[in-house]
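Chemist: Below is one structure. I have some questions about it.
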Amino acid sequence: MPLDRKPAPNDLRAFWMPFTANRQFKQAPRMLVSAQDMHYTAADGRKVLDGTAGLWCCNAGHCRPRITQAVSGMVGTLDYAPAFQMGHPGAFELANRIIDIAPEGLEHVFYTNSGSEAVDTALKIALAYHRARGEGSRTRLIGRERGYHGVGFGGISVGGIVSNRRVFGSLLAGVDHLPHTHLPENRMTRGQPEHGAHLADELERIVALHGADTIAAVIVEPMAGSTGVLLPPKGYLERLRDITRKHGILLIFDEVITGFGRLGSPFAAQHFGVVPDMITCAKGLTNGVIPMGAVLTSAAIHDAFMQGPEHVIELFHGYTYSGNPIASAAGIATLETYAEEGLLTRAAQLEAHWEKALHSLADHPHVVDIRNMGLIGAVELAPVEGQPGKRAFDAFLRAFEAGILIRVTGDIIALSPPLIITEAQIDELVATLGKVLKAGS
Ligand code: PMP
47 MPLDRKPAPN
57 DLRAFWMPFT
67 ANRQFKQAPR
77 MLVSAQDMHY
87 TAADGRKVLD
97 GTAGLWCCNA
107 GHCRPRITQA
117 VSGMVGTLDY
127 APAFQMGHPG
137 AFELANRIID
147 IAPEGLEHVF
157 YTNSGSEAVD
167 TALKIALAYH
177 RARGEGSRTR
187 LIGRERGYHG
197 VGFGGISVGG
207 IVSNRRVFGS
217 LLAGVDHLPH
227 THLPENRMTR
237 GQPEHGAHLA
247 DELERIVALH
257 GADTIAAVIV
267 EPMAGSTGVL
277 LPPKGYLERL
287 RDITRKHGIL
297 LIFDEVITGF
307 GRLGSPFAAQ
317 HFGVVPDMIT
327 CAKGLTNGVI
337 PMGAVLTSAA
347 IHDAFMQGPE
357 HVIELFHGYT
367 YSGNPIASAA
377 GIATLETYAE
387 EGLLTRAAQL
397 EAHWEKALHS
407 LADHPHVVDI
417 RNMGLIGAVE
427 LAPVEGQPGK
437 RAFDAFLRAF
447 EAGILIRVTG
457 DIIALSPPLI
467 ITEAQIDELV
477 ATLGKVLKAG
487 S
């Protein structure tokens with residue numbers, strides 16, 4: 047564009063929108079112009095109740111003064127500091143605060159700028175860790191069908207979403223996938239499903255096939271969010287932990303969605319009582335305000351690089367913005383807000399109300415499954431024949447018009463409101479969704 051030509055605000059071509067159907071999406075995007083607490087304001091001035099915490103990230107609600115002030119204060123104090131061999135106090139303070147709320151045994155923080163980078167970082171740490179301990183043959187990585195681990199090459203390789211993988215060639219070599227745990231016999235379960243713990247035993251099959259000494263790590267979301275809120279069956283994560291431990295395989299929980307209170311504990315690992323060797327997180331770490339992610343590791347992993355003979359390899363890895371001062375300030379203010387308002391356990395208090403409200407939609411047209419846990423839930427619709435995804439996408443459009451923001455993936459409607467939501471707002475969200483479903487075809 048010539049320099050003298052100012053872009054017209056209604057010229058929408060230059061911005062290549064992410065995760066937006068490239069050819070099918072012809073209508074003007076729904077524009078959001080401001081936000082406060084539980085609501086967005088759309089360009090036409092309408093208030094929209096946020097049923098998704100932005101994109102599973104604004105756990106304390108929007109534009110919270112403590113966080114925005116911390117960010118603007120730091121912008122004018124220390125805009126940037128290089129992360130290599132240098133530092134600034136905020137990054138160290140935030141790391142300690144994260145470890146204070148992390149599961150027992152996770153003691154170190156490696157900063158990234160997103161969930162995708164956290165995943166690729168964790169996979170690299172896993173490979174380098176085994177090599178540092180003289181087990182360099184452990185190079186195989188194991189993900190799971192219907193897993194989402196961001197969009198880096200590592201993340202799409204271990205991830206299990208076909209459309210995210212199929213146009214990008216052969217991806218990482220030596221990756222296997224466990225089966226997903228989304229079983230029809232668990233339909234309409236309230237809370238954690240009963241059936242499917244045995245699916246963790248598939249890992250034994252992969253071990254028998256390749257040998258444990260070739261396997262570096264298993265990565266799963268303790269609860270798969272992006273592919274439609276798929277809950278872990280009772281006993282499944284425990285079994286995965288036992289099998290990985292038995293074979294010296296690292297277990298990574300991708301908690302980019304579940305981290306920071308979504309299930310009623312700081313991390314899902316605490317909720318399920320299963321501690322992995324690493325946790326990846328992002329999103330709620332800064333309340334979505336400034337991009338930041340992190341990998342939390344066990345002392346054993348950290349020590350493998352920090353101790354031992356001189357020839358042991360280093361972890362040579364990092365990002366220009368690892369532990370960025372402004373993101374660190376946002377993170378500290380966010381964790382203070384969570385602590386002060388009891389938000390990391392609030393989902394547990396609201397869970398019974400949330401469950402009852404969501405399941406009241408069971409008899410609505412086309413609803414085939416409802417799932418819930420903590421402050422997350424899904425309403426799955428029967429697809430229109432020959433047009434998968436259409437029914438839920440139509441519901442998304444009507445919901446926005448009706449004043450609620452929901453998220454859809456395929457024919458699944460996912461809900462994950464900010465943790466500050468009140469019971470009355472839960473009722474409003476669900477009642478509006480109910481009307482939207484009734485009006486659908
Ligand atoms: N892992 C999980 C479990 C996620 O849900 C997401 C994002 N939805 C990511 C990784 C990727 O995070 P980002 O978009 O910040 O790269």
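Per my numbering, the very first residue in the sequence shown carries number 47; after that it's consecutive. For every residue, glycine included, the Cβ atom is placed at its ideal position computed from N, Cα and C. All values derive from a computational prediction rather than experimental measurement.
(1) Is it the case that the CB of P322 approaches a heavy atom of the ligand PMP more closely than 8 Å?
(2) Using 8 Å as the cut-off, can you tell me whether the region 379-397 makes contact with the region 343-351, which would need three or more C-beta pairs spanning the two stretches below that distance?
(3) At what residue ranges does the region 423-478 contain a whole run of the alpha helix (DSSP H), taking only runs of 4 or more?
(4) Determine contact between the region 172-191 and the region 154-163, defined as no fewer than three beta-carbon pairs at a distance below 8 Å.
(5) Classify A373: buried if its beta carbon has 16 or more other beta carbons within 10 angstroms, exposed otherwise.
(6) G339 lies in the beta strand (DSSP E); which residues open and close that run?
(7) According to DSSP, which residues form a beta bridge with T87?
(8) Could you check what DSSP says for V253 in three-state terms: helix, strand or coil?
(9) Comparing the CB of A168 with every heavy atom of the ligand PMP, is any distance shorter than 8 Å?
(10) Return the first residue and the last residue of the beta strand (DSSP E) that N210 is part of.
(11) Can we count I298 as close to the ligand PMP, meaning its CB is less than 8 Å from some heavy atom?
(12) Shorter than 8 Å, the distance from the beta carbon of G79 to the closest heavy atom of the ligand PMP, or not?
(13) For N142, which residues does DSSP report across the bridge?
(14) From L407 to V413, what distance separates their C-alpha atoms?
(15) For D222, which beta-bridge partners are listed by DSSP?
(16) Out of curiosity, what's the CA-to-CA distance linking E234 and G423?
(17) Starting from T326, trace the beta strand (DSSP E) in both directions and tell me its first and last residue.
(18) If you measure from the beta carbon of Q353 to each beta carbon in chain D, is any gap under 9 Å?
(19) Using a Cβ-Cβ cutoff of less than 7 Å, which residues in the same chain neighbour T260 once the five nearest sequence positions on both sides are dropped?
(20) In chain order, what residues of the same chain lie with their CB nearer than 6 Å to the CB of E401, ignoring the 5 residues before and after it?
Modeler: In short:
(1) No, the Cβ of P322 stays beyond 8 Å of every heavy atom of the ligand PMP.
(2) Flag = no, the region 379-397 and the region 343-351 do not touch.
(3) Restricting attention to alpha helix (DSSP H) runs no shorter than 4 residues, the region 423-478 encloses them at 436-448, ordered along the chain.
(4) Contact fails: fewer than three Cβ-Cβ distances are below 8 Å.
(5) Burial is judged here by how many other beta carbons sit within 10 angstroms of a residue's own beta carbon; A373 has at least 16 and is buried.
(6) Membership of G339 in the beta strand (DSSP E) is indicated by the continuous run G339 to S344.
(7) Bridge partners of T87: S80 and K93.
(8) Three-state DSSP puts V253 in a helix.
(9) For the ligand PMP, not one heavy atom lies less than 8 Å from the Cβ of A168.
(10) No beta strand (DSSP E) holds N210; the alpha helix (DSSP H) holding it covers V208 to R211.
(11) Residue side-chain check: I298 keeps its Cβ at 8 Å or more from all non-hydrogen atoms of the ligand PMP.
(12) This sequence places Val at residue 79; Gly is not what is there. No, Cβ of V79 sits at least 8 Å from all heavy atoms of the ligand PMP.
(13) DSSP lists no partner for N142.
(14) Linking L407 to V413 through their CA atoms gives a straight-line distance of about 8 Å.
(15) Residue pairing of D222 in beta bridges, as defined by DSSP: I188.
(16) What sits at residue 234 in the sequence shown is Met, not Glu. Going from the Cα of M234 to the Cα of G423 covers about 11 Å.
(17) Per DSSP, T326 belongs to the beta strand (DSSP E) from M324 to C327.
(18) In summary, chain D is missing from the structure at hand, where a single protein chain is found.
(19) Taking C-beta separations shorter than 7 Å and ignoring five residues to either side along the sequence, the partners of T260 in its chain run S183, R184, T185 and R186, following chain order.
(20) Excluding sequence neighbours, E401 sits near R236 and N418.
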